[in-house]
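Down below is the structure, laid out as structure tokens.
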Amino acid sequence: MVQEQKFKRNIAFKLRIGDLLIGKPIMSSVSGTERFSFLELGNKKIVRVNIIGNIVDKYESGGTRGIGTSETSTSGSENQPRKYVFFTLDDGSGQIKLKVFGDDYERFKDFHQGQTVVLIGTLRNWNNETYISPEIIREMDPKYLLLRKLETEKEKALTFDASSVKKEEVIAIKDKILELIKSSESDGGIETEDITQKFTEVSPTLIQQEIQKLLEEGIAFEPRPGKIRYLG
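Counting from -14, one number per residue, gives the positions in the sequence shown under my numbering.
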């Protein structure tokens, strides 16, 4: 009997740059070559991330250089120039490079120093440097930097003991959350705050944990920070 398998993208973890800097890059050997596999942070295996930060530096092919940068490309050769643009992102907890090459250059080349952006991207590691290969970059209001800081700090402070709630009750709550998300599709999704308000008798911590599980399982996704949609 052949079982159908549905492809699930790796969850884009909401993190601060400082978290990425203390993570441990895990490498795997492929045909005798070491390749980056994931970033180990606590009990999480991180491949994709959702980061908000300020672009503080930019360097791109063609001789355009951001203030204070000295980074140069090591890709390609003189006979075969390769378009690229590097950004340095800072969120107050640390800095990390975003690196864009080839066909993606045209998609991201117009972002510039001074913008606050949210990005979803894949972690890479080369020559002992962890950086991000962006999938999506969007300009954001700078106030979201503080909101992300508060959001991540709140998550770290959560010490909810799931053993205090019966397994059957947790499953029932998760099912109700999923139904809320599904029923909101005609409205383009639902805010996480609205989900929490629907469960006045349940710990907000438990609600956040179950929403996070749905995201990690690829059942739901975030079209923007704080909003949830059904993926299936």
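Virtual Cβ for every residue (Gly too), placed ideally from N, Cα, C. The structure displayed is predicted, hence computed values, not measured ones.
Comparing alpha carbon positions, the residue from Pro208, Gly174, Val15, Asn113 closest to Leu6 is Asn113. Here DSSP, grouped into helix, strand and coil, assigns Gly106 to strand. Membership of Ser168 in the alpha helix (DSSP H) is indicated by the continuous run 152 to 168.
The beta-carbon distance between Phe72 and Asp42, rounded to whole angstroms, is 7 Å. This is short enough to meet the 8 Å contact definition. Lys139 is classed as exposed because its beta carbon has fewer than 16 other beta carbons within 10 Å across all chains shown.
The alpha-carbon separation between Arg133 and Val103 amounts to approximately 10 Å. In the DSSP assignment, Met12 is bridged to Phe21.
Taking C-beta atoms as the reference points, Glu19 and Lys9 fail to come closer than 8 Å.
The C-beta distance from Ile2 to Gln80 rounds to 6 Å, short enough to meet the 8 Å contact threshold. Proximity to Lys159 across Ile117, Lys198, Leu130, Arg33 peaks at Lys198, based on C-alpha coordinates. If you draw a straight line from the Cα of Lys167 to the Cα of Arg67, it comes to about 44 Å. The count of Cβ pairs closer than 8 Å, one atom from the region 171 to 178 and one from the region 204 to 212, reaches three, so the stretches are in contact. Ranked by how close their Cα comes to the Cα of Ile162, the residues Ala205, Asp89, Arg33, Glu91 have Ala205 in first place. In the DSSP annotation of this structure, the continuous segment of the beta strand (DSSP E) that includes Glu207 starts and ends at 205 to 209. In the DSSP assignment, Leu200 falls within the alpha helix (DSSP H) that extends over 189 to 201.
Here the C-alpha atom of Ile192 lies approximately 17 Å from the C-alpha atom of Ser169. For Arg1, there is no enclosing beta strand (DSSP E), as DSSP marks it with neither H nor E. If you draw a straight line from the Cα of Val32 to the Cα of Lys82, it is about 16 Å long.
Under the DSSP assignment, Ile37 falls in the beta strand (DSSP E) whose first and last residues are 33 to 45.
Distance from the CA of Glu154 to the CA of Thr181, rounded to the nearest whole angstrom, comes to 16 Å. Between the beta-carbon of Ile36 and that of Asp76 there is about 7 Å, and that keeps the pair under the 8 Å contact cut.
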